[in-house]
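Data first, discussion second: the structure below is written as structure tokens.
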Amino acid sequence: MSNEKPGDRILSKVDDRRRDFVKRVLVGAGFAAPVIASFSIGSLSVDAALAQDQSHLRVHADAVVVSSGPACSVSSVGPHLPDLGYVGPGNFQAYVYDVSGSTRVNGEVSINVHGDRTAGIDIDMNKDAVVTSAYLFINGVSVATLPIQGNPNISISNLCNLPDFDALLQAMALQRVTAVVNGSYYGTAYSAQGPVIPASSGGIVQLNP
Amino acid sequence: MTVAETAPRCLPGLDISPTEDGYVIYQPELDRVHYLNHSAILILELSTGSNSAADIAGFIQEAYGLPEPPVAMVRETIAKLSEQKLLE
Chain Y
7 MSNEKPGDRI LSKVDDRRRD FVKRVLVGAG FAAPVIASFS IGSLSVDAAL AQDQSHLRVH
67 ADAVVVSSGP ACSVSSVGPH LPDLGYVGPG NFQAYVYDVS GSTRVNGEVS INVHGDRTAG
127 IDIDMNKDAV VTSAYLFING VSVATLPIQG NPNISISNLC NLPDFDALLQ AMALQRVTAV
187 VNGSYYGTAY SAQGPVIPAS SGGIVQLNP
Chain G
550 MTVAETAPRC LPGLDISPTE DGYVIYQPEL DRVHYLNHSA ILILELSTGS NSAADIAGFI
610 QEAYGLPEPP VAMVRETIAK LSEQKLLE
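Below is the structure:
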């Protein structure tokens, strides 16, 4: 009688050097529909995005805008736009990478949406990489300052250039948001950037208008 | 004949980094970054040049105890991996 387990045959079909890796993939989760999302590294650059048309954000220039740090350039406060609410993914993540190539710093930004229109932020970079600031951008325009110490939550008070918190969630669900983490690594400045995408784990959040 | 009908081969030397919910592959020379979930990365890893799409679907069916081999899903994924230049 064979002692072969169901996963053994699949492991015999991959490259010898990749078996440990594939074993970890196999035990990690059940089979789901494959997902491949590809982006241009250049399009993730804030400098490149700044060159793009920002007219869609100017629509909101007279809406509620809260100044929250040096990356937010608009500080006027105007009337609220109608609140449309939000129904969509509750967890997001961005895998950020130093696109300048000055360092090999990389890491993850996790964003977990709460029912009270706040979101928990977790920034996890390489060991020894110092984080000095972190932001969310849409087409090169800063829309949120992320906390790097103290209270790890963001709320409307962290946003700028957006009418409300739901607008940020809608933009993240549509994969229009880039996370940027700035800092230094053994004295060399880095700017790690990456697209914010819905995380495969986590449920759907519904925030009523 | 499409790549899914032959035995696809993963591009050698890909830098695959695990993240909390999947895997990221950077191809700075092509100005591309790819996010793959665990199912897509498994299909990529099984693309050794020896396994056809039907073979890969069979291995996945066996490993996960699926009622049917996910042939169409594997073919579609291989086509997309090829389109994104992750296969030779």
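For the protein sequence lines, the chains are Y and G, in the order given. According to the working numbering, the stretch in the first sequence is residues 7 to 215, in order. According to the working numbering, the stretch in the second sequence is residues 550 to 637, in order. A virtual CB, placed ideally from N, CA and C, is assigned to each residue, including glycine. Please read these numbers as outputs of a predicted model, since none were measured by experiment.
{"Check": "As assigned by DSSP and simplified to three states, the class of Val-28 of chain Y", "Outcome": "helix"}
{"Check": "When G:Leu-635, G:Gln-633, G:Lys-634 and G:Ala-628 are compared against Thr-555 of chain G, the one with the closest alpha-carbon", "Outcome": "G:Ala-628"}
{"Check": "Cβ-Cβ distance between Gln-199 of chain Y and Val-102 of chain Y below 7 Å", "Outcome": "yes"}
{"Check": "Residue nearest to Asp-564 of chain G in terms of C-alpha spacing, selected from Y:Asp-22, Y:Val-93, Y:Phe-27 and Y:Asn-167", "Outcome": "Y:Phe-27"}
{"Check": "Terminal residues of the beta strand (DSSP E) in which Ser-596 of chain G lies", "Outcome": "Counting along the chain, Ser-596 of chain G falls outside any beta strand (DSSP E), and DSSP gives it neither H nor E."}
{"Check": "Interfacial residues, the stretch 569-601 of chain G to chain Y, with Cβ spacing under 7 Å", "Outcome": "Glu-569, Asp-570, Gly-571, Val-573, Tyr-575, Pro-577, Asp-580, Arg-581, Val-582, His-583, Tyr-584, Leu-585, Asn-586, His-587, Ser-588, Ala-589, Ile-590, Leu-591, Ile-592, Glu-594, Leu-595, Thr-597 and Asn-600"}
{"Check": "Against chain G: residues of the stretch 24-39 of chain Y by CB proximity under 9 Å", "Outcome": "Arg-24, Phe-27, Val-28, Arg-30, Val-31, Leu-32, Gly-34, Ala-35, Gly-36, Phe-37, Ala-38 and Ala-39"}
{"Check": "Sheet register partners of Tyr-575 of chain G (DSSP bridge)", "Outcome": "G:Asp-564 and G:Val-582"}
{"Check": "Gly-107 of chain Y vs Pro-215 of chain Y beta-carbon contact at 7 Å", "Outcome": "no"}
{"Check": "Residue burial classification, His-120 of chain Y (beta-carbon count within 10 angstroms, cutoff 16)", "Outcome": "exposed"}
{"Check": "Cβ pair count under 8 Å reaching 3, the stretch 576-583 of chain G against the stretch 614-621 of chain G", "Outcome": "no"}
{"Check": "Thr-626 of chain G - DSSP class collapsed to helix/strand/coil", "Outcome": "helix"}
{"Check": "Separation of Ala-179 of chain Y from Asp-172 of chain Y, as counted between CA atoms", "Outcome": "10 Å"}
{"Check": "Thr-555 of chain G: contacting residues in chain Y (beta-carbon distance under 8 Å)", "Outcome": "Within 8 Å Cβ-Cβ: nothing; Thr-555 of chain G doesn't reach chain Y, min ~16 Å."}
{"Check": "Proximity test, Cβ basis, 7 Å: Lys-629 of chain G and chain Y", "Outcome": "yes"}
{"Check": "Amino acids of chain Y, ordered along the chain, whose beta-carbon sits closer than 9 Å to that of Leu-563 of chain G", "Outcome": "Correct list: empty, because the minimum Cβ distance to chain Y is about 11 Å."}
{"Check": "Beta-carbon proximity check, Val-137 of chain Y vs Ile-154 of chain Y, cutoff 7 Å", "Outcome": "yes"}
{"Check": "Nearest-angstrom beta carbon gap, Ser-148 of chain Y and Asn-164 of chain Y [assumed within contact, 8 Å]", "Outcome": "Rounded, the Cβ-Cβ distance is 11 Å, inconsistent with contact."}
{"Check": "Leu-635 of chain G (DSSP reduced to helix, strand or coil)", "Outcome": "coil"}
{"Check": "Outcome for Thr-194 of chain Y when other beta-carbon atoms lying within 10 angstroms are tallied against a minimum of 16", "Outcome": "exposed"}
{"Check": "Cβ separation of Pro-95 of chain Y and Pro-204 of chain Y, assumed to be a contact under 8 Å, to the nearest whole Å", "Outcome": "4 Å"}
{"Check": "7 Å Cβ cutoff, Ser-197 of chain Y in contact with chain G", "Outcome": "no"}
{"Check": "Local conformation of Tyr-192 of chain Y per DSSP, three classes", "Outcome": "coil"}
{"Check": "Where Leu-615 of chain G meets chain Y, residues with beta-carbon distance less than 8 Å", "Outcome": "Phe-37"}
{"Check": "Ile-605 of chain G in three-state terms, based on DSSP", "Outcome": "helix"}
{"Check": "Ile-127 of chain Y classed as buried or exposed, judged by whether at least 16 other C-beta atoms fall within 10 angstroms", "Outcome": "buried"}
{"Check": "Of the listed residues Y:Ile-162, Y:Val-93, Y:Ser-161 and Y:Thr-109, nearest to Gly-209 of chain Y (C-alpha basis)", "Outcome": "Y:Val-93"}
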